[in-house]
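S.K.: First the structure, which I've put down as structure tokens, then a few questions once you've had a look.
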Amino acid sequence: MSEVGKLSAITAEKKAQVHPAAVVDPRAELASGVIVGPGAVIGPDVKIGPDTWIGPHVVLDGRLTLGANNRVFPGACLGLEPQDLKYRGAPTEVVIGDANTIREYVTINRATEEGEQTRIGDHNLLMAYCHLGHNCELGNGIVMSNGIQVAGHVVVEDRAVIGGCLGIHQFVHIGSLAMVGGMTRVDRDVPPYCLAEGHPGRLRGLNRVGLRRSGLKTQEGGELGQLQEIWNLLFRSDHVFVEGLRLARQEQLMPAAAHLCAFLEASIEKGRRGPMPATSLSR
């Protein structure tokens, strides 16, 4: 086969494959290597990046952009109108990055007001029956277990792990490398690197296992040691919280501790939910 012939064969193999039983609007944009399963419905303003798999009976609608190498499992509904009484039909968006796994019956709603987005980063796993409300923002490498119900305007930072069968209150922020136990009531901010659990939710200490797995320096004088010192100052000492933050800022903070302090400083500002309290047994 000539080089021209080989190139033609490769190009043909990489064309989007749409099952005859799928309904795809001709104005939708499907990149090379996209596979669309039977019964899927794709609207006119949808853009799907290369090598993304759309499973059977998935519904993609509204102004929705999916990046490359995503997998969307049967029954998921992405990009539909927000469940918000303030919504008046603005052409808002859902923007999803690359290499995400979106399991069965996940729902992700687009934003409410003109020019706003619901955003999901890269390499996230959203297990079955998760719901992401309008204007949510997810970072990268997040794991969300089955049946998590996320209200509007929630922010989840990179590599957080959230257990199943729980609700997250609107405007809550969950920090990077935090771990939230299953069935926790999440109505306040969960700081980065922390472990939260209970009903009502309470901070139980640092997510030490997750921090070690992340490669954070654990030797004496390393970031984990400083994080523990700052944690004790903020959540175990007799200092008022604001005073504890002021004292922490007097230290030469490494990146992890600096991020923890910055997150908490933002959390106590007007308009935020405030940090989740710690239990008396926190470590």
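Going by the numbering used here, the first residue of the sequence shown is number 41, and it counts up by one from there. A virtual CB, placed ideally from N, CA and C, is assigned to each residue, including glycine.
Evaluate P315 with the Cβ neighbour count: other Cβ atoms within 10 Å of its Cβ, from every protein chain shown; 16 or more gives buried, anything less gives exposed.
M.R.: It is buried - the Cβ of P315 has at least 16 other Cβ atoms within 10 Å.
S.K.: Within 10 angstroms of the Cβ of H239, are there 16 or more other Cβ atoms? Answer buried if so, exposed if not.
M.R.: That one is exposed.
S.K.: Would you call D65 buried or exposed, if buried means 16 or more other Cβ atoms sit within 10 Å of its Cβ?
M.R.: It is exposed - the Cβ of D65 has fewer than 16 other Cβ atoms within 10 Å.
S.K.: Mapping DSSP to helix, strand and coil, what is I82?
M.R.: Three-state DSSP puts I82 in a strand.
S.K.: Below 8 angstroms, how does it come out for the segment 144 to 162 and the segment 104 to 117: are there three or more Cβ pairs, yes or no?
M.R.: In short, these stretches touch, since the Cβ pair count reaches three.
S.K.: Give a yes or no on contact between the segment 204 to 224 and the segment 140 to 159, applying the rule of three or more CB pairs nearer than 8 angstroms.
M.R.: Cβ pair count under 8 angstroms is below three, so no.
S.K.: Going by CA-CA distance only, name the one from Q210, D138, E154, Y145 that's closest to I182.
M.R.: For I182, the nearest C-alpha among the options comes from D138.
S.K.: Cα-Cα, which of L300, I94, A71, H279 is closest to V63?
M.R.: The candidate whose alpha carbon is nearest that of V63 is I94.
S.K.: By a C-beta neighbour count over all protein chains shown, 10 Å radius and 16 as the cutoff for buried, is S277 buried or exposed?
M.R.: Under this definition S277 is an exposed residue.
S.K.: From L250 to L118, what distance separates their C-alpha atoms?
M.R.: The displayed chain sequence assigns Gly, not Leu, to residue 250. G250 and L118: Cα-Cα distance of roughly 30 angstroms.
S.K.: Cβ of E133 within 8 angstroms of Cβ of R103?
M.R.: Yes, these two residues count as a Cβ contact at 8 angstroms.
S.K.: Looking only at DSSP bridge pairs, what is V183 linked to?
M.R.: Looking at the DSSP assignment, V183 forms a beta bridge with L165, V201.
S.K.: What is the C-beta distance between V220 and V194, in whole angstroms, given that I count them as a contact (C-beta under 8 angstroms)?
M.R.: Contact flag wrong, Cβ pair sits at about 12 angstroms.
S.K.: Taking C-alpha atoms, which residue in P131, A298, V230, K55 lies nearest to R312?
M.R.: If we check each option's Cα against that of R312, V230 comes out closest.
S.K.: Under the rule that 16 or more other beta-carbon atoms within 10 Å means buried, what is N272, buried or exposed?
M.R.: Burial call: exposed.
S.K.: So if DSSP puts M219 in a beta bridge, which residue, or which two residues, is it bridged to?
M.R.: BP columns for M219 point to V201, L235.
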